[in-house]
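Keeping their order, the protein sequence lines are chains A and B.
Everything in the first sequence is counted per my numbering, starting at 22 for the first residue and increasing by one.
Everything in the second sequence is counted per my numbering, starting at 22 for the first residue and increasing by one.
Protein chains: 2
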Amino acid sequence: MAPACRPRRYHERVTTHEMNPWRRLSRRIAYRNPWIEVLHDEVVRPDGRSGIYGVVHFLHRAIGVVPLDTDTDRVLLVGQYRYPLDRYSWEVPEGGGGFDEDPEAAARRELTEETGYAGGKWRELWRGDLSNSVTDEVAIMFVATGLAVGPASPEGTEELATRWVPFDQAMRMIAAGEIRDAMSIIALQRLALERASGWSPKAQTSDAQEADGE
Amino acid sequence: MAPACRPRRYHERVTTHEMNPWRRLSRRIAYRNPWIEVLHDEVVRPDGRSGIYGVVHFLHRAIGVVPLDTDTDRVLLVGQYRYPLDRYSWEVPEGGGGFDEDPEAAARRELTEETGYAGGKWRELWRGDLSNSVTDEVAIMFVATGLAVGPASPEGTEELATRWVPFDQAMRMIAAGEIRDAMSIIALQRLALERASGWSPKAQTSDAQEADGE
C-alpha cells in the first residue's frame, strides 16, 4: 500500500537508517561474579545530552528445553526456588551455556544434570533477547522428543522437583500465572501455535529418524 | 493416573514443600543507578555449602502494549537501538512503571510518549518474570484497540521509529528472528493463540464498550 493511501491514523516515523544514536565516553566494570558483569558507562544520549547506562552483561547464554513425550503428550516441568525472585517457580528445564559451546550440547547437559533425561531428537524452537532495556542476555530454546531416563546429578545450587504434565495443562498453567518464566512460556506458546497450524511433532520426529537412517 | 500405573519413563521427583532452600548470610549493594540495584549476597546454598549470589534488583516493572487496529488487523511496532544489545530492535511499545503505579496507566503513558497514540480499550494479556536466574524483573503486557493518534514526546534516551504491520507479518517477524524481544513475543504469541482458539478481539472490544455504557 502506498503511503498516500494509508488512513490518517497510521501515524508512523519510519527511519531510513538503524544506526547507534548513543556514544560511549567511558566504561568501568562496577561488579563482576562468575555469571554477570555490571558495566557502568558514561554516555552521550540520543538527544545529545550526557547520561549514564548500567549494562548487565551475561557471561553465559540461557538455554532451555521442552521435554515432550509424544506418546502421552506430556511435558516435563521442573520446580525450584528462584533466589532472585524469592519465590518457587515451575518451568521447563533451563541452564547456562558458554558462548563457545554448542547450545544444543549445553541444553542436553543441563537437562541430564537436572532431570536424568538424555538422548532423543532435538530441534531449536527460538532464540532471542530476554530483557533488553538493561541486559544483553540471550536465550535459546529447544524441544526434545524420545528422551530416555537415567540418573540425575543436580548442581549444589539446584534443589529440583520434576513433574510430567499434559501439554494442555502446561498451557493452562501459563494462563493461570502458575508458569511465569518467560523462556518457558515462549517455547510452550510456540509449540502450541505449531499445533494450532496443524504441525505435528510426531511427524517431525519420524522424519528426523528416517533422515538419520539414510 | 496412580503412580504405579505410570510408564517407567515417568521419572519424577515430586516435593511436598516449596520452601526456600537458600539461606542469606549477608547482603551489600554492589551497584546502584536510577534503574537497577545489584545486590551481592553471601549465602548457604541448597547443598549446605557456602556461596555467593549476585541479584539484579529492578527498581521499576517492565510494561508494554500491543497496539492493535482491528479494522485492518495491524499492530504498531517501534524500532530503536537497544544500547545493552548494541543492536537495533523492532518491538511493541514498552517502558518502565513504578511499583506504586497502576500498570495500565504506566503503559498508556509510555505508549503516548513513544508513539502519540492514546485512548482506546485496554486488556491485560500477561504478567511474569523475564530473567529469573539473575534478576527479579517483572513484566506486564497489555493489548489496546481503538487508539487515537496525537503528538508523541519521546524521552531523551529514546530515538524511535514506528511501523504498523499486519498481525500475520509480525508473527512471521518472530519466526524469522526479526522480532527478538521476549515481552513482545509473549504478548503477540498470546494473541495468536487466542485467534487460533476462535477468540475475537473485535468481539471483546464491543463487549467492553457495552459494559462501559451500562
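Where is the CB? At the ideal position from N, CA and C, for every residue including glycine.
Predicted model only: the values in this text are computed from it and were never measured.
Give the straight-line distance between the Cα atoms of residue i and residue j, rounded to the nearest whole angstrom.
i      : j      : result
B/Y52  : B/F120 : 20 Å
A/M40  : B/Y102 : 7 Å
A/R293 : A/H81  : No answer is possible for residue 293 of chain A: the residues shown for chain A start at 22 and end at 235.
B/E235 : B/E145 : Its pLDDT being 32, under 50, B/E235 is placed unreliably in this model, and the value from its coordinates should be taken loosely. So the two alpha carbons sit approximately 22 Å from each other.
A/E112 : B/V186 : 32 Å
A/S218 : B/A217 : 8 Å
B/V77  : A/P105 : 8 Å
A/V65  : A/A213 : 44 Å
A/G85  : A/R193 : 20 Å
A/A191 : B/R211 : 14 Å
B/V99  : A/E63  : 25 Å
A/P175 : A/V164 : 21 Å
B/A83  : A/W43  : 22 Å
B/I57  : B/A173 : 27 Å
A/G6   : A/H32  : Any question about residue 6 of chain A goes unanswered here, given that chain A covers just 22 to 235.
B/G140 : A/V155 : 29 Å
Across which residues does DSSP place residue i in a beta bridge pair?
i      : result
A/P88  : A/A165
A/S210 : Sequence check: residue 210 of chain A is Gln here, not Ser. BP columns for A/Q210 are empty, so no partner.
A/D62  : A/R48 and A/Y74
A/L97  : A/W185
A/G69  : According to DSSP, A/G69 bridges with nothing at all.
B/V159 : B/D150
A/G116 : A/I84
B/R108 : B/R103
B/E145 : B/F163
A/R53  : A/E58
Just to make sure I have the definition right: I need the residues of chain B whose C-beta is within less than 9 Å of the C-beta of residue i. Which are they?
i      : result
A/L214 : M192, Q210, A213, L214 and A217
A/A83  : S152 and S154
A/A203 : G149, D150, L151, S152, N153, A160, A203, M204, I206 and I207
A/V87  : Under the 9 Å cutoff, chain B gives no residues; its nearest Cβ is about 14 Å from A/V87.
A/V96  : Here the premise fails: no neighbours, minimum Cβ distance about 12 Å.
Identify whether residue i lies in helix, strand or coil by the three-state DSSP scheme.
i      : result
B/A197 : coil
B/A173 : coil
B/R216 : helix
B/T133 : helix
A/E125 : helix
B/A229 : For B/A229, the pLDDT reaches just 42, beneath the cut-off of 50, and the residue's location in the model is therefore unreliable, leaving the point undetermined.
In chain A, what lies closer than 8 Å to residue i by C-beta?
i      : result
B/T183 : H32, E33, R34 and V35
Which residues of chain A have a Cβ atom closer than 9 Å to the Cβ of residue i, listed in chain order?
i      : result
B/G198 : W147, R148 and G149
B/S174 : Here the premise fails: no neighbours, minimum Cβ distance about 12 Å.
B/I73  : N54 and P55
Strictly below 7 Å CB to CB, what residues from chain A border residue i?
i      : result
B/D68  : G177
B/D157 : P105 and L106
In chain B, which residues lie with their C-beta within 7 Å of the C-beta of residue i?
i      : result
A/E180 : P42 and P67
Give the interface partners of residue i over in chain B, defined as CB-CB distance under 8 Å, in chain order.
i     : result
A/V76 : Y104 and P105
Using a Cβ cut-off of 8 Å, which residues of the region 42 to 58 of chain A contact any Cβ in chain B, in chain order? P42, W43, A51, Y52, N54, W56 and I57
Chain A contacts made by the region 131 to 147 of chain B, where a contact means CB separation under 7 Å: G137
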